[in-house]
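The block underneath contains the structure these notes are about, expressed in structure tokens.
Protein chains: 2
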Amino acid sequence: MQLSSRQIEIIEAAALRIDEYGIQNLTTKTLAQDIGISEPALYRHFAGKNDILLTLLQYFKHQLQQRLLLLDTKASAAVTLKQIFQQQFQIFTENPAIVSVIFAESIFQFNPELSQKVKEIMILMSETVENNIVLGQKQGEYRSTLSPKATVTIITGAMRMAVLKWKLSKHQSDLNQDGQAVLDGLFKLLLK
Amino acid sequence: MQLSSRQIEIIEAAALRIDEYGIQNLTTKTLAQDIGISEPALYRHFAGKNDILLTLLQYFKHQLQQRLLLLDTKASAAVTLKQIFQQQFQIFTENPAIVSVIFAESIFQFNPELSQKVKEIMILMSETVENNIVLGQKQGEYRSTLSPKATVTIITGAMRMAVLKWKLSKHQSDLNQDGQAVLDGLFKLLLK
DNA sequence: CAATTAGGTTAGCAAACACTAACTTTATGT
DNA sequence: ACATAAAGTTAGTGTTTGCTAACCTAATTG
């Protein structure tokens with residue numbers, strides 16, 4: 002993941018475009034205008050539009066991965082899980098456009114390569130949470146009423162829904178607060 | 002909601018296109034080819050592409066509303082909630098393309114009118130579930146540990162995630178079974 | 001039965017699309 | 001200082017897009 006500052010500028014402008022006007026409005030023209038260069042200049046930094054999108058997804062996936070490595074592994078399962086989502090909420094709040102790209106299974110559907118990347122990001126999160134649940138159940142921290150798989154579906158689904166509501170409010174609501182509330186609710190149900 | 006059979010044919014073909022190849026591949030050309038008529042013939046039935054999409058959303062919203070009215074209002078809250086989602090799963094299984102359209106906040110983002118309709122559908126479901134939670138808590142059927150709002154976020158989020166997983170499996174998994182499992186899991190956590 | 005209408009056709013248009021050719025300017029390295 | 005490479009420009013390509021004009025045909029209706 003070695004990108005020039007211009008490449009990052011392009012990627013972030015692309016995410017912003019998608020966030021604000023949807024994938025259909027992301028054209029080489031609008032993108033070039035957003036960063037104030039000519040259209041062909043984009044091709045000095047990327048092979049084409051598809052390359053921009055693929056790099057964009059790879060870039061965000063890499064960011065997520067890096068952040069997950071920073072987690073305190075000595076903390077209890079519940080504390081770690083809380084950290085995971087707090088971290089996510091922070092990333093999203095800092096750069097809301099990411100959400101539109103990462104949670105958008107449908108918008109990259111036209112391209113197998115791109116939709117595969119989105120899937121990878123989703124699996125990355127799912128597996129992180131699943132490992133946490135398995136560990137927490139083994140250590141007797143979480144109730145074992147539900148299978149880890151079902152638990153993961155509930156948790157990640159609920160978290161995604163919290164993020165979606167925040168997005169639909171056009172980031173007017175407080176993701177950190179509302180997301181935390183839902184997570185606390187989940188803990189009330191899951192913790193022994 | 003009075004639509005000619007040709008209009009319904011067009012709408013359903015459009016949903017199928019979106020489901021299989023994404024919104025970017027839904028063009029007047031592909032759509033006309035799908036149903037074996039010429040492109041301009043589409044304009045005998047709709048004012049334009051946008052009109053097709055708006056009618057499509059209205060059509061599915063109407064279908065959902067109609068089905069919700071069929072619910073047995075005398076049943077207990079938990080039974081009703083189960084019915085609501087069973088019904089949804091059934092609709093989705095019968096016509097998988099609907100999912101790609103109804104759960105796609107992002108793909109209609111380019112048009113305020115269309116994204117508003119998607120929002121309406123989401124609110125319709127949220128409110129239905131919320132009413133159920135409030136009733137169930139009042140009647141002492143559900144635990145009142147969580148606020149209704151948080152509970153709704155968890156339930157609808159988990160259900161959406163179940164549907165998303167089914168979609169990502171390309172409908173190979175069993176939505177009815179897996180969705181039911183997640184719902185049962187939620188009941189274990191929510192019921193007194 | 002004539003007139004109207006509904007529903008279809010072929011041909012084609014202006015705008016938007018991703019991208020390229022050819023050239024110029026700016027930065028870098030020896 | 002100067003050759004090279006990196007990064008920008010203007011102009012323009014062929015294709016695709018949503019949609020229209022003009023015309024045809026079969027069904028409906030007064």
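Chains as they are written, first to last, in my numbering: chain A, 2 to 193; chain B, 2 to 193. Built from N, CA and C at the ideal position, the CB exists for glycine as well. Predicted model, so just to flag it, every value in this text is computed and none were measured.
Residue pairing for L192 of chain B: DSSP places it in a beta bridge opposite B:Y143. A straight line joining the alpha-carbon of F104 of chain B with that of K62 of chain B spans about 12 Å. Measuring C-alpha to C-alpha distances from D52 of chain B to each of B:L4, B:D179 and B:A76 identifies B:L4 as the nearest.
Taking the Cα positions, L190 of chain A is about 35 Å away from F109 of chain A. According to the DSSP assignment, Y60 of chain A belongs to the alpha helix (DSSP H) that extends over K50 to L70.
Contact note: I122 of chain B does not reach chain A at a C-beta cutoff of 8 Å; the least C-beta distance is about 12 Å. A98 of chain B is a Cβ neighbour of I19 of chain B, given a cutoff of 8 Å. Interface residue (Cβ-Cβ distance to chain A less than 8 Å): N51 of chain B is not classified as such.
Using a Cβ-Cβ distance cut-off of 8 Å, the segment 149–158 of chain B and the segment 174–189 of chain A are in contact, since at least three pairs of beta carbons, one from each stretch, lie closer than that value. Straight-line measurement puts the Cα of A76 of chain B at about 42 Å from the Cα of G23 of chain A. Interface annotation, M126 of chain A: not in contact with chain B, CB-CB separation never under 8 Å. Listed along chain A, the residues sitting closer than 7 Å to S107 of chain B by beta-carbon distance are G23, S101, A105, S107 and I108. At least one CB atom of chain B sits nearer than 8 Å to the CB of G158 of chain A.
In this structure, the alpha-carbon of L32 of chain A lies about 41 Å from that of E131 of chain B.
From the beta-carbon of G186 of chain B, the residues of chain A found nearer than 9 Å are T146, L147, S148, A151, T152, T154 and I155. If only uninterrupted beta strand (DSSP E) runs of at least 3 residues are considered, none is enclosed by the segment 104–131 of chain B. Neighbours of K166 of chain B in chain A, taken as residues whose beta carbon is under 8 Å from its own, are T154 in chain order.
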